[in-house]
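In numbering that gives the first Met the number 0, the protein residues as written are 0 to 396. Just so you know, even glycine gets a beta-carbon here, dropped at the ideal spot from N, CA and C. Keep in mind that this is a model prediction, so the values were computed, not measured.
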Amino acid sequence: MAGYKDFISGDEAVAIGAKLARPEVIAAYPITPQTIVVERLSDFVEDGSLDCQYLHVESEHSAIMAVLGSEAMGSRSFTATSSQGLLYMVEGLPYVSGSRFPVVMMNANRAIAVPWSIYNDHNDSMFCMNSGWIQMYVEDAQEALDMVIQAYKIGENPKVMLPVMINVDGFLLTHTYELVEIPDQAEVDSFLPPYVTDHRMDLNDFKSVCIGVGPEYHTEFRYRQYHDFKYAVDAIAEVDREYGDKFGRYYGGMVEKYRMEDAEVVLVTVGSITSTARTVVDSMREEGKKVGLLKLRYLRPFPDEAFIGLSDNIKAIGVLDKNMSYGYEGTVYTNVNSALARREKRMPSLNFIAGLGGRAISREDIEEMFNQLLEYKGEAEADRVRFINLNLKEVEE
Numbered sequence: 000m001a002g003y004k005d006f007i008s009g010d011e012a013v014a015i016g017a018k019l020a021r022p023e024v025i026a027a028y029p030i031t032p033q034t035i036v037v038e039r040l041s042d043f044v045e046d047g048s049l050d051c052q053y054l055h056v057e058s059e060h061s062a063i064m065a066v067l068g069s070e071a072m073g074s075r076s077f078t079a080t081s082s083q084g085l086l087y088m089v090e091g092l093p094y095v096s097g098s099r100f101p102v103v104m105m106n107a108n109r110a111i112a113v114p115w116s117i118y119n120d121h122n123d124s125m126f127c128m129n130s131g132w133i134q135m136y137v138e139d140a141q142e143a144l145d146m147v148i149q150a151y152k153i154g155e156n157p158k159v160m161l162p163v164m165i166n167v168d169g170f171l172l173t174h175t176y177e178l179v180e181i182p183d184q185a186e187v188d189s190f191l192p193p194y195v196t197d198h199r200m201d202l203n204d205f206k207s208v209c210i211g212v213g214p215e216y217h218t219e220f221r222y223r224q225y226h227d228f229k230y231a232v233d234a235i236a237e238v239d240r241e242y243g244d245k246f247g248r249y250y251g252g253m254v255e256k257y258r259m260e261d262a263e264v265v266l267v268t269v270g271s272i273t274s275t276a277r278t279v280v281d282s283m284r285e286e287g288k289k290v291g292l293l294k295l296r297y298l299r300p301f302p303d304e305a306f307i308g309l310s311d312n313i314k315a316i317g318v319l320d321k322n323m324s325y326g327y328e329g330t331v332y333t334n335v336n337s338a339l340a341r342r343e344k345r346m347p348s349l350n351f352i353a354g355l356g357g358r359a360i361s362r363e364d365i366e367e368m369f370n371q372l373l374e375y376k377g378e379a380e381a382d383r384v385r386f387i388n389l390n391l392k393e394v395e396e
């Protein structure tokens, strides 16, 4: 395979992935820690290496509405944002998804206000779970680059036609430099051909897009959207296999299982913390503890079958949430528990809340989670939500 390697940040990896996908329109507005993405893309447009209409709009709201318009004209489109910027886009997200426009957007995961913070957690993207977008979460810069390319292939599938949000942990990935393998443009072109669709405004073939309907049709439109999300499950697996065959990197589709064959307890992770958790699994295995890891790569569509089909030998499962649905529990945990409820045999579970507002999650923290799972018998359901590395003195005061 042609191509080259470069030592780049996660933000730069996203920008290069977007460049390789050849978007025709980019709507850009800067926000920390995403800004480098749109800066690099502007460099590519300026130096002529990317033939694209680059729109420096006045806000994140304008960015999402601009790509709504460009997709309505049949143009492959890209945008990027973070945190409060994503929330400013919220009004436009269901417009894009309901119109069935396969926009690709990178979100640099960052805590939302108040308290105001520029550091990482997942509350921003979890806030948008019901917006109708496919949501994927990446572990490193290589996966970020590869997923931008895959996202277009998935979203533009005629049986899917849904927008895709690629979530990249702010600073932990966006500003961390790694050695990344960059595919050759010709190879990417053969994997991802130009976007051609009939779902566009055309003076020679009149149709309505971004339409309004009354109660007599609304449910049917939503059913189609629900149904095509289910088809996206197959598209994700197919694209992952095809990408792996061509570029040598397979990601396991919607989930990646690590040392799960004989695991007695399992921890579910999302995003960059997976790398640390994997090393903890290895060290605890050396101590004779049968622990395993399940990396959750997609939250929409949700891979419920991966949890329903877990081995009955697993005594307890833990979910590490870097978010909180205040008044209840972590959002990932809610989704995992919904799938586990469909199992014939009950599986005790715990919800670990950690990393909010960028607080570090150490190897010792993850070891503590595993040890709590090994000791857990499912007897204390009221205590199922457990905050890790919580400063009780600050809370009590």
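Endpoints, the beta strand (DSSP E) within which residue i is located
| i | result |
| --- | --- |
| E180 | Y176 to P182 |
| A79 | S76 to T80 |
| R345 | Run containing R345: none; DSSP gives neither H nor E here. |
| I15 | Run containing I15: none in the beta strand (DSSP E); it sits in the alpha helix (DSSP H), G9 to L19. |
| L319 | A315 to D320 |
| I30 | Unbroken run through I30: none, as it is neither H nor E. |
| V159 | V159 -> no beta strand (DSSP E), and no H or E assigned at all. |
| R385 | V384 to F386 |
| M164 | V163 to D168 |
Contact belief for residue i with residue j at Cβ below 8 Å, rounded distance in angstroms
| i | j | result |
| --- | --- | --- |
| V394 | I352 | That pair is no contact at about 13 Å. |
| V89 | V95 | That belief does not hold up - the Cβ atoms of V89 and V95 are roughly 11 Å apart, past 8 Å. |
| R99 | S81 | With a Cβ gap of about 25 Å, R99 and S81 do not count as contacting. |
| S271 | E138 | 6 Å |
| I7 | A143 | Going by Cβ atoms, the distance from I7 to A143 rounds to 10 Å, so no, they are not a contact pair. |
| A315 | L293 | Actually they do not touch by this definition, with Cβ atoms about 13 Å apart. |
| P300 | T173 | Rounded, the Cβ-Cβ distance is 25 Å, inconsistent with contact. |
| M416 | L298 | The structure shown does not extend to residue 416, since the chain is modelled only from 0 to 396, so the question has no answer here. |
| I307 | R342 | 6 Å |
| F220 | L161 | Their Cβ separation, rounded to whole angstroms, is 13 Å, which puts F220 and L161 out of contact at 8 Å. |
| D5 | I148 | With a Cβ gap of about 16 Å, D5 and I148 do not count as contacting. |
Residues of its chain near residue i, where Cβ-Cβ distance is below 7 Å and the 5 sequence neighbours each way are ignored
| i | result |
| --- | --- |
| F43 | K18 and L49 |
| K289 | D261, A262 and E263 |
| G91 | H60, I63, M64 and L67 |
| G243 | Y249 |
Residue i at chain C interface by Cβ criterion, 8 Å
| i | result |
| --- | --- |
| A26 | Absence of chain C from the displayed structure is noted, only one protein chain being present. |
The alpha helix (DSSP H) enclosing residue i, as first and last residue numbers
| i | result |
| --- | --- |
| M368 | R362 to E374 |
| Y94 | L92 to G97 |
| Y53 | No alpha helix (DSSP H) contains Y53, which is instead part of the beta strand (DSSP E) from Q52 to H55. |
| L49 | Unbroken run through L49: none, as it is neither H nor E. |
| M64 | E59 to A71 |
| A338 | T330 to L339 |
Own chain, CB closer than 6 Å to residue i, minus 5 neighbours either side, in chain order
| i | result |
| --- | --- |
| A62 | A26, Y28, V56 and T78 |
| R258 | V280 and G291 |
| Y194 | R75 and E155 |
| A14 | V36, R39 and L40 |
| F386 | I352 |
| L171 | N119 and S271 |
| G317 | L266, L349, F351, M368 and L372 |
| K245 | F190 |
| A107 | P32, Q33, S81, V167, G169 and T173 |
| V238 | Q149, K152 and I153 |
| N388 | D364 |
Own chain residues within Cβ distance below 8 Å of residue i, not counting five before or after
| i | result |
| --- | --- |
| F126 | L85, L86, V89 and I111 |
| P347 | K314, A315, I316, Y375, K376 and G377 |
| T175 | S8, G9 and A140 |
| E186 | M0, A1, G2, K245 and F246 |
Near the ligand SAM: residue i beta-carbon under 7 Å from a heavy atom
| i | result |
| --- | --- |
| G2 | Absence of the ligand SAM from the depicted structure is noted, as is the absence of any ligand whatsoever, leaving it without description. |
Is the segment 125-143 touching the segment 192-211 in the sense that three or more CB pairs, one from each, lie closer than 8 Å?
No: fewer than three Cβ pairs fall under 8 Å.
If contact is defined by three or more beta carbon pairs under 8 Å, each pair taking one atom from either stretch, is the segment 268-280 in contact with the segment 207-227?
Per the Cβ contact rule, the segment 207-227 is not in contact with the segment 268-280 (fewer than 3 Cβ pairs under 8 Å).
Is the segment 34-51 close to the segment 133-152, with three or more CB pairs under 8 Å?
Touching, no, given that fewer than three Cβ pairs across the two stretches are closer than 8 Å.
Touch check for the segment 183-191 and the segment 255-269: three-plus C-beta pairs under 8 Å?
Contact annotation: the segment 183-191 does not touch the segment 255-269, with fewer than three C-beta pairs closer than 8 Å.
What runs of the alpha helix (DSSP H), each 4 residues or longer, lie entirely inside the segment 199-267?
Taken in chain order, the unbroken stretches of alpha helix (DSSP H) that lie wholly in the segment 199-267 and span 4 residues or more are 214-246.
Which residue spans inside the segment 101-157 form an unbroken alpha helix (DSSP H) run of at least 4?
The qualifying runs are 122-125 and 140-154.
Does the segment 362-370 touch the segment 331-341, meaning 3 or more C-beta pairs lie closer than 8 Å?
With a cut-off of 8 Å, the segment 362-370 and the segment 331-341 do not count as touching, because too few Cβ pairs lie within range.
I want to know whether the segment 234-254 touches the segment 113-124 - three or more CB-CB distances under 8 Å.
Taking a contact to require three or more Cβ pairs closer than 8 Å, the segment 234-254 and the segment 113-124 do not qualify as touching.
Decide if the segment 353-360 is in contact with the segment 152-159; the criterion is three or more beta carbon pairs, one per stretch, under 8 Å apart.
Not touching, per the Cβ criterion.
On the three-pair Cβ rule with 8 Å, is the segment 164-173 touching the segment 226-235?
Touching, no.
Assess, as a yes-or-no matter, whether the segment 23-36 is touched by the segment 64-74 under the definition of 3 or more beta carbon pairs within less than 8 Å.
Short answer: they touch.
Which full runs of the alpha helix (DSSP H) of 4+ residues lie inside the segment 267-308, going along the chain?
Entirely contained in the segment 267-308, the alpha helix (DSSP H) runs reaching 4 residues are, in chain order, 272-285 and 303-307.
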